[in-house]
Each structure stands twice: as C-alpha cells, then as structure tokens.
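All residue numbers for the sequence shown refer to my numbering, where the first residue is 191 and numbers rise by one.
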Amino acid sequence: MSERPRLLPLLGGTRHGSRDAMTCLYRCGNACDHPVPNSSDNPYFGDLVDAEVSRRGVVRAGAVGALVLGFGGAAAGALAGAAPAAAAPATPTAPGTDEALAASARPGSGALSFKPIPPNKLDTLVVPNGYDHAVVIKWGDEVVPGAPAFDVRQQSAAAQAKQFGYNNDFVGVLPIDRRRALLVVNHEYTNEDLMFPGFTSQDALTVEQVRVAMAAHGMSVVELERVTDTGQWRPVRRGRREYNRRVTALATTFELTGPAAGSAWLRTAADPKGRTVVGTLNNCAGGVTPWGTVLSGEENFNQYFVGGDGAPEELKPKLARYGIPTDVRYPSGSRKWDRADERFDLAKHPNEAHRFGWVVEIDPFDPQARPRKHTALGRVKHEGANVIVARSGHVVAYMGDDERFDYLYKFVSDKKFLPGNSWVARKHNLTLLESGTLYVAALTGDSPAGEIDGSGTLPADGGFGGQGRWIKLVSGNRSYVDGMTAADVLTFTRLAGDKVGATKMDRPEDVEPSLLTGKVYVALTNNSDRGKTGKAPADEANPRNANKHGQILELVEERGDNTAETFTWSLPIVCGDPADASTYFAGYDKTKVSPISCPDNVAFDATGNLWISTDGNALGSNDGLFATAVEGPERGHLKQFLTVPLGAETCGPFITRDNRSVFVAVQHPGEISGASVENPASTWPDGDFAKPGVVVTWRLDGGPVGS
Numbered sequence: 191m192s193e194r195p196r197l198l199p200l201l202g203g204t205r206h207g208s209r210d211a212m213t214c215l216y217r218c219g220n221a222c223d224h225p226v227p228n229s230s231d232n233p234y235f236g237d238l239v240d241a242e243v244s245r246r247g248v249v250r251a252g253a254v255g256a257l258v259l260g261f262g263g264a265a266a267g268a269l270a271g272a273a274p275a276a277a278a279p280a281t282p283t284a285p286g287t288d289e290a291l292a293a294s295a296r297p298g299s300g301a302l303s304f305k306p307i308p309p310n311k312l313d314t315l316v317v318p319n320g321y322d323h324a325v326v327i328k329w330g331d332e333v334v335p336g337a338p339a340f341d342v343r344q345q346s347a348a349a350q351a352k353q354f355g356y357n358n359d360f361v362g363v364l365p366i367d368r369r370r371a372l373l374v375v376n377h378e379y380t381n382e383d384l385m386f387p388g389f390t391s392q393d394a395l396t397v398e399q400v401r402v403a404m405a406a407h408g409m410s411v412v413e414l415e416r417v418t419d420t421g422q423w424r425p426v427r428r429g430r431r432e433y434n435r436r437v438t439a440l441a442t443t444f445e446l447t448g449p450a451a452g453s454a455w456l457r458t459a460a461d462p463k464g465r466t467v468v469g470t471l472n473n474c475a476g477g478v479t480p481w482g483t484v485l486s487g488e489e490n491f492n493q494y495f496v497g498g499d500g501a502p503e504e505l506k507p508k509l510a511r512y513g514i515p516t517d518v519r520y521p522s523g524s525r526k527w528d529r530a531d532e533r534f535d536l537a538k539h540p541n542e543a544h545r546f547g548w549v550v551e552i553d554p555f556d557p558q559a560r561p562r563k564h565t566a567l568g569r570v571k572h573e574g575a576n577v578i579v580a581r582s583g584h585v586v587a588y589m590g591d592d593e594r595f596d597y598l599y600k601f602v603s604d605k606k607f608l609p610g611n612s613w614v615a616r617k618h619n620l621t622l623l624e625s626g627t628l629y630v631a632a633l634t635g636d637s638p639a640g641e642i643d644g645s646g647t648l649p650a651d652g653g654f655g656g657q658g659r660w661i662k663l664v665s666g667n668r669s670y671v672d673g674m675t676a677a678d679v680l681t682f683t684r685l686a687g688d689k690v691g692a693t694k695m696d697r698p699e700d701v702e703p704s705l706l707t708g709k710v711y712v713a714l715t716n717n718s719d720r721g722k723t724g725k726a727p728a729d730e731a732n733p734r735n736a737n738k739h740g741q742i743l744e745l746v747e748e749r750g751d752n753t754a755e756t757f758t759w760s761l762p763i764v765c766g767d768p769a770d771a772s773t774y775f776a777g778y779d780k781t782k783v784s785p786i787s788c789p790d791n792v793a794f795d796a797t798g799n800l801w802i803s804t805d806g807n808a809l810g811s812n813d814g815l816f817a818t819a820v821e822g823p824e825r826g827h828l829k830q831f832l833t834v835p836l837g838a839e840t841c842g843p844f845i846t847r848d849n850r851s852v853f854v855a856v857q858h859p860g861e862i863s864g865a866s867v868e869n870p871a872s873t874w875p876d877g878d879f880a881k882p883g884v885v886v887t888w889r890l891d892g893g894p895v896g897s
C-alpha cells in the first residue's frame with residue numbers, strides 16, 4: 191500500500207477540546223463519533239513564547255516571564271527557600287505502606303508559593319523557576335533485567351514484553367525504604383502510526399507487529415533509587431531487581447475474584463470455569479492502597495473487539511451499552527487483534543468482552559502473585575479507583591465511568607482494614623476488595639431550575655451545589671436491582687445504574703478522596719454534547735451547554751463518614767479561561783488564577799493540596815499540571831505547575847509522601863494527525879522521534895514541592 195501523506199498541523203481540534211483526531215482513534219476508538227452508549231431515560235444531572243532551554247530540556251518560568259498570549263494576572267509569589275531536613279532513620283516495616291517511607295524533608299506548610307508557568311506550545315517540559323526535571327523511564331527502556339536494547343525498526347513481542355510499554359498513564363510510587371521505591375505504571379494504549387516505521391494501515395501490520403502492540407499494553411513495575419539526597423529518582427540498573435516486572439495484554443494471567451467470578455457471563459471456551467483471564471486492556475488511571483498494592487482501571491476495552499454483528503442477538507443490547515458496535519464486523523478504526531488471537535472475535539467468543547472493564551489489583555512486592563480482577567467493584571469503563579479507610583475501618587473505593595452521561599460509583603468493603611505493618615495484616619487486607627457493597631450516585635441541585643440557563647452563570651446563592659445519595663446496587667451475592675442477579679449487576683453495571691435512575695454526569699474520570707479531610711474530588715472532563723438537540727441541557731452539576739472545559743466536583747459525605755449513603759456536593763472549580771464569565775474558582779480572584787481546561791486526573795500532596803492534570807486542553811495550549819488549596823483562604827487559587835510537550839497529555843500525577851518529588855506520565859507526545867516515526871510532530875524526549883515516558887520534578891534546593 192502507498193504511504194499516506196503526512197500533514198502536521200500544530201494542534202488538531204476535535205470534540206475532546208484540542209485532542210487530536212489521531213488520539214481519538216487510538217485511545218478510545220473514536221467514541222465521540224459513535225452514539226452515546228447511555229440511551230436510558232434517567233434524568234440528566236446533570237502562544238508561542240521565547241524560552242531558554244536548560245541542558246536537561248527544562249524551561250523555567252523565570253525564562254518565560256510574562257511573554258504569553260491570553261494569560262492574565264499571573265500570581266506573584268517568590269519561591270520560599272527551605273533547607274532539607276535531616277533524614278529520619280528507616281524503620282522495619284511492610285513494604286509499600288506510608289510508614290515504610292521515612293521522610294527526608296518536612297512536607298512544608300502547604301502554601302503554594304511557586305510562580306505559575308504560563309500557557310505555551312513548546313515541545314518540551316516546562317517547570318517553575320527553582321525546579322528541575324528528569325526523564326525517569328521511557329518507551330522501550332529495560333524493565334526486566336536482560337531485556338534487549340530497544341530498536342524501533344526491529345521490534346518483537348518477546349522484546350517488548352521485557353521493555354517499558356507504550357503510552358504510560360497512571361503512576362504510583364511505593365516506598366521500600368527512604369532511598370528505594372517501586373514505580374508502578376499503566377500502559378493504556380498503543381499508536382501504531384508512531385510505533386512502526388513505514389506504517390500505512392492496521393491491515394498492513396504483520397501478526398508479529400500486532401503482538402508487539404499487545405505486549406506494549408498493560409503495566410510495568412520498576413525499582414527506583416533516589417539520586418543522592420534530592421527529590422530526583424532513577425531506575426536501578428544493577429543487581430537482581432527482583433521486583434521488576436511487565437504485565438501485558440499478551441500473556442499475563444489474571445484471577446477473577448468476587449461474586450461474578452465463575453458466572454455464566456465470564457465463561458469461555460478457553461476458560462470454562464470463568465475464573466482466569468489472559469491480559470488487561472486500556473489501563474487508564476488507578477490508585478495506591480493503604481496495604482501497598484496498586485489498583486488499575488480497565489477503560490476503553492470495547493475498541494479491541496470485532497465481530498459484534500455476529501454475537502448472539504440477546505447479547506447485542508448489552509454489548510452496545512458498553513460501546514461495542516453490533517451492526518458491523520470491523521468497527522471504524524478497528525485494531526483487528528483477532529488476527530493474532532481469535533478470542534477478540536465476539537462472533538466466536540461472545541463472553542470475552544465481559545472479562546474486561548474491571549478494577550485490577552497488582553501486588554508489586556510479590557512478582558509471583560497473580561494479579562486479580564475484582565468483580566465486586568463492578569464492570570464499567572473504569573478510569574481508576576482510589577481507596578480511603580473510613581472511621582469504621584471499612585475500606586471505601588471511589589470510581590468514575592469515563593463516558594459522556596455515565597455514572598459515579600463507590601464500593602464499601604464487608605471486612606475491616608487491619609492496621610499495622612505486619613505481613614499478617616497485609617495478607618488480610620489483600621482480601622478487602624473481594625466482597626462488599628457497590629453503590630451508584632444520584633445528585634440533585636439546590637437552586638431553582640430557571641437559574642441554570644447553560645451559560646455557567648452562578649445561581650442566586652453564589653455557587654453550584656446540592657445533595658446526593660448513594661443507591662445500593664448489590665451487596666455480596668444479593669442484588670438490589672429488579673430483574674438482575676448479583677452477577678448481572680456486576681457484569682453489566684451500566685445497565686444496573688440505568689435501572690435505578692443514577693445521575694448522568696459529564697465524563698466522570700479520576701475520583702480521589704483526601705486522606706486528610708475525607709472529602710472526595712471528581713474530575714468531570716468535558717461533554718460537548720451537553721445541550722445539543724436531543725441531548726440533556728445544562729443542570730446545576732453540569733452548568734454549561736457544549737461543555738468544552740469541564741469542572742471539579744467536591745463531595746462531602748454525611749457526618750464525614752465515607753460509608754454514608756448521603757452526601758452534599760459543590761463545584762469548587764468550573765474550568766476554562768478565568769477571563770470567561772462562565773468559569774468559577776471557589777470565589778477566588780480570577781485575575782490571579784491560571785487558565786485550565788479538561789481536568790482528567792487528580793492527586794493530593796502531603797499537606798492536602800489538590801493537583802490536577804489535564805487532557806485535551808481546549809484553550810489552545812499544551813496540557814499541564816495544576817495545584818490549588820482546597821481549604822482556607824487560598825481555596826480556588828489555581829496555579830499551573832508544569833506543561834508537557836506538543837501533542838501530549840499529562841497523566842498520573844503522583845506526589846511522594848515526603849513532598850519532595852512530583853511524578854507525571856507524559857502520554858502520547860507528538861500524537862498529531864499525519865505524524866509518523868519518520869516525520870515526527872514531537873521529538874521529545876531524545877530529539878529523534880516521540881516516546882512516551884515518566885518524568886520526575888523536584889526543587890533544586892531540596893525543599894518541598896509547591897512551596
């Protein structure tokens with residue numbers, strides 16, 4: 191086949207803000223070009239700048255200064271100096287727990303005194319003055335000791351299964367001691383245009399190349415070491431590195447747990463007992479548990495399957511609710527993985543799709559342990575899952591289903607968390623997500639409907655807010671949804687949410703509780719369909735029609751009890767250009783606020799500040815990472831901390847418990863229509879062709895980040 195012409199616009203606009211059409215194709219299978227899967231009748235609730243690049247490719251805010259288009263009122267604030275504190279002695283504890291990290295610096299006062307960086311379109315990572323950064327690991331680097339050297343022209347599945355995978359998303363850093371830690375990373379999806387030289391089409395790929403792509407999905411576990419006594423970390427490159435591990439879509443076996451495990455919906459010819467699954471798909475965000483494991487959300491799994499037209503007729507409505515076309519064999523943009531493994535053909539194996547869309551738990555400290563898919567947490571397009579231990583001792587996991595007009599969930603464990611750092615406690619806690627109660631959220635506003643007109647104008651009471659309740663779907667083997675068994679509810683959780691009247695939200699992505707306050711924060715990324723003909727208009731939780739920029743939702747559980755069944759909610763941040771009247775930043779002076787668009791992932795630092803990463807910035811500049819206080823007089827004072835290179839998304843923000851290091855995943859750099867290995871739109875990070883990678887940022891004086 192002839193080579194396609196390569197046209198390289200700077201940034202291509204799509205229905206997801208400035209996300210390029212190439213990203214829409216590979217990341218979610220052009221979801222926005224297909225009908226919204228939720229057709230239930232539930233009520234909807236709803237500049238280019240001159241810069242000086244350091245020897246590491248860092249652009250400091252001091253070099254950029256005020257030379258930026260469209261950025262008004264940049265907050266001042268000198269960088270507060272702080273000398274590193276003396277290191278605390280390490281204590282013998284179970285690995286992976288917070289106690290396992292002896293802090294080498296004070297977390298700081300929590301004041302976000304860094305000077306915010308301006309929006310930009312630079313093909314590099316930009317960090318504030320007084321900070322530096324380094325690439326920790328990137329696509330093709332060695333993970334499993336002895337992995338072959340990366341060669342983009344001679345890739346093999348066997349090599350990729352030992353190397354760092356593609357398009358890293360979630361990042362977790364679990365301490366071993368003060369100087370060592372394990373980096374755990376999701377590899378969400380692949381982009382064959384940017385992986386294989388001479389790529390022309392999926393059909394033209396060899397079967398071995400398809401297998402390379404399968405091996406580039408999944409997760410990586412990599413042992414890190416601190417660089418001297420700074421906030422910088424790097425991979426350990428010597429010794430046994432016994433924890434280093436690749437989990438792939440190609441060959442890793444997973445155990446199914448919980449009430450739906452073994453049900454008829456999960457049985458296949460290859461697994462007649464419905465208890466084991468090969469691979470994990472489209473792993474997006476995740477979370478680190480208090481017992482030292484990592485949770486990973488399987489998101490847009492639907493795009494990997496073909497043959498929906500040949501699936502049993504009675505199954506087709508269920509497949510369609512999860513975004514799997516049932517009228518064609520090969521949906522538009524299909525990866526055609528059935529060429530390498532026929533289980534992805536639903537005409538032959540209709541239940542295989544049901545074995546994806548779960549929350550995965552991996553124990554990075556036990557490389558021999560089989561990772562698990564927890565059916566008790568339900569099956570949706572999971573962005574991720576984040577856990578808090580309630581006052582009662584029960585574990586509560588919060589989750590979002592990343593689709594336009596889909597739902598917000600939480601899970602409360604049957605068993606209680608066993609505190610302490612013993613291995614006995616850890617063994618018990620590893621069972622906490624296998625049984626419990628699954629809920630879906632319903633929200634109502636507290637303002638008259640006439641005050642919500644789709645413009646984003648604040649209602650008379652001065653803020654968007656209201657009440658909510660958690661609707662019980664299933665508890666153990668007992669279903670609370672008429673006409674559905676427990677296995678039905680957990681396998682087809684979206685349909686259960688439809689039946690009980692859950693609130694349709696605008697792409698609920700990352701959901702994270704603050705471990706300091708117990709309040710819960712939800713990234714609602716955007717919804718360009720809001721208010722369109724035949725679609726729901728704006729409401730108090732989704733106050734703008736044609737919502738391009740998204741918002742942050744804050745939930746406060748009744749009496750501060752995370753197991754409660756009622757809550758209040760508000761929108762502390764309605765994203766966009768602060769000069770736009772439709773934006774809101776908790777009442778803070780908007781002339782001092784950084785512009786933000788399309789919040790995706792959220793995280794907290796050790797002092798309780800909220801950090802927000804973006805995906806698809808619809809304001810025309812690169813995506814980035816932002817921080818704000820959520821309590822006190824600085825609540826809503828949002829400041830941009832970094833930006834990622836051209837075409838990239840900022841993923842997986844993780845701030846270490848000593849507050850000295852900020853990790854981010856730079857996903858899909860240079861993913862711009864027409865780009866290729868030979869003609870890249872970005873040359874980050876090595877100056878040749880784009881490679882996704884993980885970056886760590888730290889203060890040059892060793893002090894706490896943000897301060």
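Beta carbons are placed, not taken as given, at the ideal position from N, Cα and C, and that holds for glycine.
On a predicted model such as this, the values are computed, not experimentally measured, just so you know.
Item: Cβ neighbour criterion (16 or more within 10 Å) applied to residue 613; Value: exposed
Item: For residue 387 and residue 341, the rounded distance between their alpha carbons; Value: 11 Å
Item: For residue 613, the first and last residue of its enclosing alpha helix (DSSP H); Value: 613-619
Item: Residue 754 to residue 747 span [Cα, whole Å]; Value: 6 Å
Item: Any 3 or more C-beta pairs closer than 8 Å across the region 432-440 and the region 448-455; Value: no
Item: Bridge partner(s) assigned by DSSP for residue 321; Value: 889
Item: Of the listed residues 870, 849, 875, 854, nearest to residue 889 (C-alpha basis); Value: 849
Item: Limits of the beta strand (DSSP E) - the one that residue 589 falls within; Value: 584-590
Item: Helix, strand or coil at residue 844 according to DSSP, with G and I counted as helix; Value: strand
Item: Those residues which DSSP pairs with residue 695 across a bridge; Value: 596
Item: In DSSP terms, what residue 535 is bridged to; Value: 496
Item: Span of the beta strand (DSSP E) around residue 365; Value: 358-365
Item: Straight-line gap, residue 500 to residue 212 (C-alpha atoms, nearest Å); Value: 28 Å
Item: Length at least 3, wholly inside the region 739-821: the beta strand (DSSP E) runs in chain order; Value: 741-747, 756-764, 789-794, 800-804, 814-818
Item: Distance between beta carbons of residue 833 and residue 805, contact taken as under 8 Å; Value: Not a contact, Cβ separation roughly 13 Å.
Item: Residue 382 (DSSP reduced to helix, strand or coil); Value: helix
Item: Backbone secondary structure at residue 687 - three-state DSSP; Value: helix
Item: Residue 330 and residue 344 closer than 8 Å at C-beta; Value: no
Item: Residue 473 versus 465, 652, 407, residue with shortest Cα-Cα distance; Value: 407
Item: Where the beta strand (DSSP E) through residue 425 begins and ends; Value: 423-425
Item: Within 8 Å, strictly: CB atoms of residue 357 and residue 375; Value: no
Item: Identified DSSP bridge partners for residue 629; Value: 600, 662
Item: Continuous alpha helix (DSSP H) stretch holding residue 447: start and end; Value: Run containing residue 447: none in the alpha helix (DSSP H); it sits in the beta strand (DSSP E), 443-447.
Item: Between the CA atoms of residue 468 and residue 495 - distance to the nearest angstrom; Value: 15 Å
Item: Euclidean distance between Cα positions of residue 592 and residue 857; Value: 18 Å
Item: Contained beta strand (DSSP E) runs [length at least 3] in the region 443-491, N- to C-terminal order; Value: 443-447, 466-468, 473-478, 484-488
Item: Neighbourhood of residue 776 by C-beta, 7 Å cutoff - its chain only, sequence neighbours within 5 removed; Value: 762, 763, 825, 826
Item: Status (buried if at least 16 other CB within 10 Å, exposed otherwise) for residue 859; Value: buried
Item: Rounded C-alpha distance that separates residue 887 from residue 410; Value: 20 Å
Item: Length-filtered (3 minimum) beta strand (DSSP E) runs lying within the region 543-571; Value: 549-552, 562-564
Item: Any 3 or more C-beta pairs closer than 8 Å across the region 705-721 and the region 738-746; Value: yes
Item: Where residue 712 sits in the DSSP three-state scheme; Value: strand
Item: Best match in 640, 653, 215 for proximity to residue 391 [C-alpha to C-alpha]; Value: 215
Item: Collapsed DSSP secondary structure at residue 177 in the structure displayed; Value: This structure gives no information on residue 177, because the portion of the chain shown stretches from 191 to 897.
Item: Three-state secondary structure assigned by DSSP to residue 370; Value: strand
Item: Residue span of the beta strand (DSSP E) that contains residue 332, given as start and end; Value: Where residue 332 is concerned, there is no enclosing beta strand (DSSP E), given that its DSSP letter is neither H nor E.
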